[in-house]
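Position in the sequence shown counted from 1, then plus 19, gives you the working numbering. Notes to accompany the following structure.
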Amino acid sequence: MSAFSKTPLPPSIRSSYAQYKHNSSLIIRWAHTTAARIREAANPTPVMSNLSRGKGNRGRSRGNSRSGARLTQSSRPQYPDLAKPQHTLREFLGFINEIASSRTAIPKLYLSLLALTVRQRKCTASYYSSDTDAWRDNQGHINAIRVFEEALNILKRAYEEQQKHTKKGEDRWVEESVAVGDGPFALNEAMHQIAVAIEEDELAGSQTGDEENEWIRDNVMINPQARKLRDKQTFPLEAYVIVPEDGYQEDEEFLALKDFLLDIWQLRDYCAKLWKDVAPAGNTSHMTASFVTNHAVQMVKQMEYDLVAEFPALEDVDEGYRKIFENIGHDLMTKPETVFDNILHQLMYWCWYSVDAFGTVLNNSPSPLMRDGHFGYFDPQVAWESLNSFEKTRQVKCILGTYWPDLVLIYRYNIPSFIGEQGLGKDFRKYMNNKSRPLTWALIFACQMQFDSVQCRRQYLDYDVSVMRSLGRQICADMDEFTNDGVLYSDIMDGANYMISKFRPQIHRWLLTDPVYDMKIRNGWDKMSQQASEKGSTWRMNPWLTANAISEATIMLYHAGALVTGAGGMIGSAMHLWNMLRQTGYLEQPEDSAVALKGASKDHILLFDHLIDVFGDDVFSGPLPKKDFFKQIEIMLGVRPEAYAREKRKLKKTATASSRKAHNDIGRGILPEVSDAFNLHEADYFPSKATKSVAWSSVEKSEIHPLAATRALIESELGQSRDGSKARGPLINLNLLKVHRLCVRLFTELDRVMPAELERVFYEGVYEDWITTQVQWPFITASIARSMEITKDGKVEPGLLRVAAEVVKKVAGSKELGFYVVKEEGDESLILK
20 MSAFSKTPLP PSIRSSYAQY KHNSSLIIRW AHTTAARIRE AANPTPVMSN
70 LSRGKGNRGR SRGNSRSGAR LTQSSRPQYP DLAKPQHTLR EFLGFINEIA
120 SSRTAIPKLY LSLLALTVRQ RKCTASYYSS DTDAWRDNQG HINAIRVFEE
170 ALNILKRAYE EQQKHTKKGE DRWVEESVAV GDGPFALNEA MHQIAVAIEE
220 DELAGSQTGD EENEWIRDNV MINPQARKLR DKQTFPLEAY VIVPEDGYQE
270 DEEFLALKDF LLDIWQLRDY CAKLWKDVAP AGNTSHMTAS FVTNHAVQMV
320 KQMEYDLVAE FPALEDVDEG YRKIFENIGH DLMTKPETVF DNILHQLMYW
370 CWYSVDAFGT VLNNSPSPLM RDGHFGYFDP QVAWESLNSF EKTRQVKCIL
420 GTYWPDLVLI YRYNIPSFIG EQGLGKDFRK YMNNKSRPLT WALIFACQMQ
470 FDSVQCRRQY LDYDVSVMRS LGRQICADMD EFTNDGVLYS DIMDGANYMI
520 SKFRPQIHRW LLTDPVYDMK IRNGWDKMSQ QASEKGSTWR MNPWLTANAI
570 SEATIMLYHA GALVTGAGGM IGSAMHLWNM LRQTGYLEQP EDSAVALKGA
620 SKDHILLFDH LIDVFGDDVF SGPLPKKDFF KQIEIMLGVR PEAYAREKRK
670 LKKTATASSR KAHNDIGRGI LPEVSDAFNL HEADYFPSKA TKSVAWSSVE
720 KSEIHPLAAT RALIESELGQ SRDGSKARGP LINLNLLKVH RLCVRLFTEL
770 DRVMPAELER VFYEGVYEDW ITTQVQWPFI TASIARSMEI TKDGKVEPGL
820 LRVAAEVVKK VAGSKELGFY VVKEEGDESL ILK
């Protein structure tokens, strides 16, 4: 409906390194250009160089003038040169002192950006140490931080001094006034917002008013000042950088690597909090956790691509870890064991070590198998924090080493239609099949996310598997009932029929049986390792994979249902009938019908009211029609609008067959692409566009992190909402096959009670033996709408409307949405206490 609009998905927040470089360039450019304006204002007539003096001006200057010029130059402070955009830290401080000693207004935005830039550098340094002041011992950070802090203090004092002379009085600026949230991306988002605000202000300041003629302004013959504007030297933003001085040169490659690993940790932190909130521990669905984690993997791939593009040596993961430990190893060894372990955990060290070791195992055996107890046994009731370093290493290998052989079996023996591959599966397959064992940061991150999901879901591992099994049984049963009812009528249902016959075996094989376990038993693995041959181990040791299977099966059901409705017919015609009866007053709103408030469950609202709310734009080709119902129905059934317009003065005959090509060309019906969750899944979790509700004030007012945007999108399409926002769904989890079966029952009843009325109005004397079929049932709605155009003495024929309203009330009038939504339900007795 109109409450939703297409907008670009929020762009990825820059990596910390790229963001630091961008913001530093903004600050340096401001200092450079502001100093240039100060000097230009103090000396409007620039001193010309010897090379640019006119030939006719060769007379000697007067002695007093020459001595006066010499005196002026000697008394003027020696400020940095403006001829180049690259400056040392000392030159940067020179610009800051020059600005502070002038009366130039100091914008608060730059004070805030400078303060957050200092905070970001300190966060990067403290990430590799438990000491928040670790930057003081790090030469790579201390020089930049101290200079930026000194610049901040100078500008802060100048700003407060300027405010004392204003009418408002003293207006102190304090660093704490910069609003930064509590989330893992809060600092990056705050810096991003300030940088965007600065660039928007500069763009607004550079734009010309409507009343100014740009041609006159830039014409040197008319406006002499245009030459000065044209000849003013400018540089691109990225050219404004800090250059080394006094033999000190910062290791940019190492700084970029540290920021990259810090960004990965922030993604892990966000995902871990999300996994801990998955039901029944919280209110997050498995499907939301699946989408967000898959998107996080794609973000790491993009971040790794950008990192390697600028620093090719960092493509070698082993070299990257060597560089890290070479710089922090000595300090790390002096830390307590808990601090030492925490930093290794943040750096994904154990996963890197385990993946690298497993590559050696793959080289020695095509089907590796870990014997019982080789890495110990995983006890979900033993907290990770209680383990020592040796035990933590073994537990990582135990969890990952139990699951990886399952992936090897799946890909080695090519078990078809593996569900849940979007996570670790694709990256691991490349690693396994390539003998060079290409190790990437994204693969290590994916393995780490598997391990993190196990740690977050320790109590719920068996419960998660039961949710997956329950969902699989529900979906297979719905697909079986749909096909057994014989409603795959006509060739327009071929697409849906193909998808159901394709999806149903996949869901049954992976969600309801255990093909990997069966293969292990056939190959005698149970005789060598009971631990590796436990039933359901493929799912139990990877909640992320389980959640992927849940979301994959849900999307398969939605896809099949959308193809059924996209073919036109039952659901679209039923929505037209419902709206027509509502608009004409024959179908009234029940007094006890529930109204979905913001943030409340939609389970009790009427099904067809929700269908119209979600799919109305696509089915009605715009706002809800309040008249000309027959025309709108004909358009939906395949009649082109221009064809209708050519004969709009004539009474159109009802179409006798649906024109599928015309239907596709004009975009009528409910197609899978209506759901942005579906589009996100089809785009491999790295989309270019997404739908958002205009009611999401947090999205409208500021850019949010892509993971937070993805979470909000999926929760909205699942019918959930946070912060009182209006949820778009249920949409992706709407069981359209079950809705279609309801519509079939509705039209079956209409066909049973209305043939006499239909024959009396339309077919008397035309068709002696008129036998309706399911293909013709949707045209019952068109016949009812057409009856309103056949009048007697200018009055509407009410017979069909009255009978249709009675049938609709009986069959679908009280049906609530909750019964037609796919829900995640598991056996809570399996939860560990």
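For each residue, glycine too, the CB sits at the ideal point set by N, CA and C. Treat the numbers as computed from the prediction; the structure is a model and nothing was measured.
Classify H393 as helix, strand or coil using the three-state DSSP reduction.
Residue numbering aside, residue 393 sits at position 374 when the sequence shown is read from its first letter. Here H393 sits in strand by DSSP.
Going straight from the alpha carbon of A308 to that of D537, what length do you get?
Translated into the one-based positions of the sequence shown, residue 308 becomes position 289. Translated into the one-based positions of the sequence shown, residue 537 becomes position 518. The alpha-carbon atoms of A308 and D537 are separated by roughly 29 Å.
Which residue marks the beginning of the alpha helix (DSSP H) containing V772, and which one marks its end?
Taking the first residue of the sequence shown as position 1, residue 772 is located at position 753. It spans 755-772 - the alpha helix (DSSP H) in which V772 sits, taken as one unbroken run.
Would you mind giving the Cβ-Cβ distance between L276 and I217, rounded to the nearest angstrom? I have them listed as a contact below 8 Å.
Within the sequence shown, the letter at position 257 stands for residue 276. Within the sequence shown, the letter at position 198 stands for residue 217. L276 to I217, Cβ: 28 Å. No contact.
Do the region 560-577 and the region 303-318 make contact, defined as three or more Cβ pairs closer than 8 Å?
yes
Quick one: Cα of A376 to Cα of P387, how far?
In the sequence shown, the residue the question calls residue 376 occupies position 357. In the sequence shown, the residue the question calls residue 387 occupies position 368. Each residue's Cα considered, the two are about 12 Å apart.
Skipping 5 residues on each side, what residues in its chain have a beta carbon closer than 6 Å to that of Q441?
As a first step, residue 441 must be located in the sequence shown, where it is residue number 422. The answer, listed in chain order, is N313, N567.
Taking the Cβ atom as the reference point for each residue, do K834 and F627 lie within a distance shorter than 9 Å?
In the sequence shown, the residue the question calls residue 834 occupies position 815. In the sequence shown, the residue the question calls residue 627 occupies position 608. Contact: yes.
Distance check for S740 and I850, CA to CA, integer angstroms please.
Here residue 850 refers to the residue found at position 831 when the sequence shown is read from its first residue. Here residue 740 refers to the residue found at position 721 when the sequence shown is read from its first residue. About 26 Å.
I343, DSSP secondary structure in three states:
The residue you call residue 343 lines up with position 324 of the sequence shown. In the structure shown, I343 sits in a helix (DSSP, three-state: H, G or I).
Can you give the Cα-Cα distance for P263 and R109, rounded to whole angstroms?
As a working note, residue 263 is residue 244 in the sequence shown. As a working note, residue 109 is residue 90 in the sequence shown. Whole-angstrom Cα-Cα distance: 10 Å.
What does H106 pair with, by DSSP beta-bridge criteria?
Along the sequence shown, one-based indexing puts residue 106 at 87. Per DSSP, I261.
If you draw a straight line from the C-alpha of R601 to the C-alpha of L755, how long is it?
On the sequence shown, position 582 is the one that residue 601 refers to. On the sequence shown, position 736 is the one that residue 755 refers to. Each residue's Cα considered, the two are about 22 Å apart.
Throw me the rounded Cβ distance for the I46 and L133 pair, which I believe falls under 8 Å.
On the sequence shown, position 27 is the one that residue 46 refers to. On the sequence shown, position 114 is the one that residue 133 refers to. With 8 Å as the limit, I46 and L133 qualify as a contact, their Cβ atoms being about 6 Å apart.
In whole angstroms, what is the alpha-carbon distance linking R668 and F798?
Taking the first residue of the sequence shown as position 1, residue 668 is located at position 649. Taking the first residue of the sequence shown as position 1, residue 798 is located at position 779. Confidence in R668 is poor, its pLDDT being 40 and thus under 50, which makes the residue's placement unreliable; the coordinate value appears in the next sentence. When rounded, the distance between both Cα atoms is 22 Å.
If we count Cβ pairs, one from each stretch, closer than 8 Å, do we get three or more for the region 576-585 versus the region 480-487?
no
Cβ neighbours of S592 in the same chain (closer than 6 Å, five flanking residues each side left out):
For the purposes of this step, residue 592 is taken as residue 573 along the sequence shown, with counting starting at 1. The answer, listed in chain order, is P797, T800.
Please name the residue in Y39, S44, I118 whose C-alpha comes closest to that of R60.
One-based indexing of the sequence shown puts residue 60 at position 41. According to the sequence as given, residue 60 is Ala; it is not Arg. The shortest C-alpha separation from A60 is found at I118.
Considering only their Cβ atoms, is the gap separating V374 from L462 smaller than 9 Å?
As a first step, residue 462 must be located in the sequence shown, where it is residue number 443. As a first step, residue 374 must be located in the sequence shown, where it is residue number 355. Yes.
Rounding to the nearest angstrom, what Cα-Cα distance links G635 and V583 in this structure?
Reading the sequence shown from its first residue, position 616 is the one you call residue 635. Reading the sequence shown from its first residue, position 564 is the one you call residue 583. Those two C-alpha atoms are separated by around 17 Å.
Quick one: Cα of D282 to Cα of L366, how far?
If you number the sequence shown from 1, residue 282 lands on position 263. If you number the sequence shown from 1, residue 366 lands on position 347. Cα-Cα distance, rounded: 11 Å.
Nearest residue (CA-CA) to P534, options V473, R413, Y430:
In the sequence shown, the residue the question calls residue 534 occupies position 515. The candidate whose alpha carbon is nearest that of P534 is Y430.
First and last residue of the alpha helix (DSSP H) that includes A298?
Residue 298 sits at position 279 when you count from the first residue of the sequence shown. Neither: A298 is in no alpha helix (DSSP H) and is coded neither H nor E.
Can you give me the start and stop residues for the alpha helix (DSSP H) that E467 sits inside?
Locating residue 467 in the sequence shown gives position 448, counting from the first residue. Strictly speaking, residue 467 in this sequence is Gln, with Glu absent from that position. 460-475 is the extent of the alpha helix (DSSP H) around Q467.
Quick one: what does DSSP say L426 is sitting in, helix, strand or coil?
Position 407 of the sequence shown, counted from the start, is the residue given in the question as residue 426. Helix.
Could you pull the DSSP bridge partners for T303 from this structure?
Locating residue 303 in the sequence shown gives position 284, counting from the first residue. Paired residues: V297.
Does the separation of the CB atoms of L761 and V826 fall below 9 Å?
Translated into the one-based positions of the sequence shown, residue 761 becomes position 742. Translated into the one-based positions of the sequence shown, residue 826 becomes position 807. Not in contact: L761 and V826 (Cβ atoms no closer than 9 Å).
Nearest by alpha-carbon distance to L274: which of I689, R821, K40, V758 is it?
Within the sequence shown, numbered from 1, the residue matching residue 274 stands at position 255. When only C-alpha atoms are compared, the closest one is K40.
By the three-class DSSP mapping on this structure, what secondary structure does V633 have?
For this step, residue 633 is matched to residue 614 along the sequence shown. Helix, per DSSP.
Report, in whole angstroms, the separation of the C-beta atoms of I418 and F447, which I expect to be a contact under 8 Å.
Taking the first residue of the sequence shown as position 1, residue 418 is located at position 399. Taking the first residue of the sequence shown as position 1, residue 447 is located at position 428. No, I418 and F447 are not in contact; Cβ-Cβ is about 15 Å, not under 8 Å.
Can you give me the C-alpha to C-alpha distance between G641 and Q651, rounded to a whole angstrom?
Against the sequence shown, residue 641 aligns to sequence position 622. Against the sequence shown, residue 651 aligns to sequence position 632. Cα to Cα, the separation comes out at about 10 Å.
Span separating the alpha-carbon of N516 from that of E768:
Counting from one through the sequence shown, the residue named residue 516 turns up at place 497. Counting from one through the sequence shown, the residue named residue 768 turns up at place 749. Roughly 25 Å separates the two Cα atoms.
With 16 other Cβ atoms within 10 Å as the buried cut-off, status of A831
Along the sequence shown, one-based indexing puts residue 831 at 812. Buried: at least 16 other Cβ atoms inside 10 Å.
To the nearest angstrom, report how far apart A676 and E653 are at their CA atoms.
Against the sequence shown, residue 676 aligns to sequence position 657. Against the sequence shown, residue 653 aligns to sequence position 634. Because the pLDDT at A676 is just 44, under 50, the model does not fix this residue reliably, and the point stays unresolved.
Going by DSSP, what residues sit across from V840 in a beta bridge?
If you number the sequence shown from 1, residue 840 lands on position 821. DSSP, once it has assigned bridges, lists L753 as partnering V840.
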